[in-house]
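Residue numbers (the numbering used here): 2 to 111.
Every residue gets a Cβ at the ideal spot worked out from N, C-alpha and C, and that includes glycine.
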């Protein structure tokens, strides 16, 4: 049972990773919030608040956008910005696995 579960989780994580690499960001949240903020910062070479109608740009914490901006500047493309969220998902899976091990609830893969 543990091997089957590990195999299924690994396949799902791998397929989502492939999708994150192949597909450009196309979700409405990315198109309306994250990417415009990043493009403004890159274009103006500052992370100052941008003039916008979207209030989230003014008060939401920008950590993921900082990471996305670095990926975009280094790769000269928005192709790999999905890898930020994929990496967070992988860390969450590992964190839940470690927590479950500490609680001695389920078989753990680590």
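Residues near residue i by beta carbon distance below 8 Å, same chain, minus five either side
i	result
residue 26	32, 35, 36, 79, 82, 83
residue 85	65, 68, 69, 72
Contact belief for residue i with residue j at Cβ below 8 Å, rounded distance in angstroms
i	j	result
residue 1	residue 87	The structure shown does not extend to residue 1, since the chain is modelled only from 2 through 111, so no value can be given for it.
For residue i, the first and last residue of its enclosing alpha helix (DSSP H)
i	result
residue 104	83 to 104
residue 78	Element bounds for residue 78: n/a, residue is neither H nor E.
residue 40	36 to 45
residue 21	3 to 23
residue 58	57 to 60
Counted within 10 angstroms of its Cβ, other Cβ atoms place residue i as buried (16 or more) or exposed
i	result
residue 44	exposed
residue 23	exposed
residue 74	exposed
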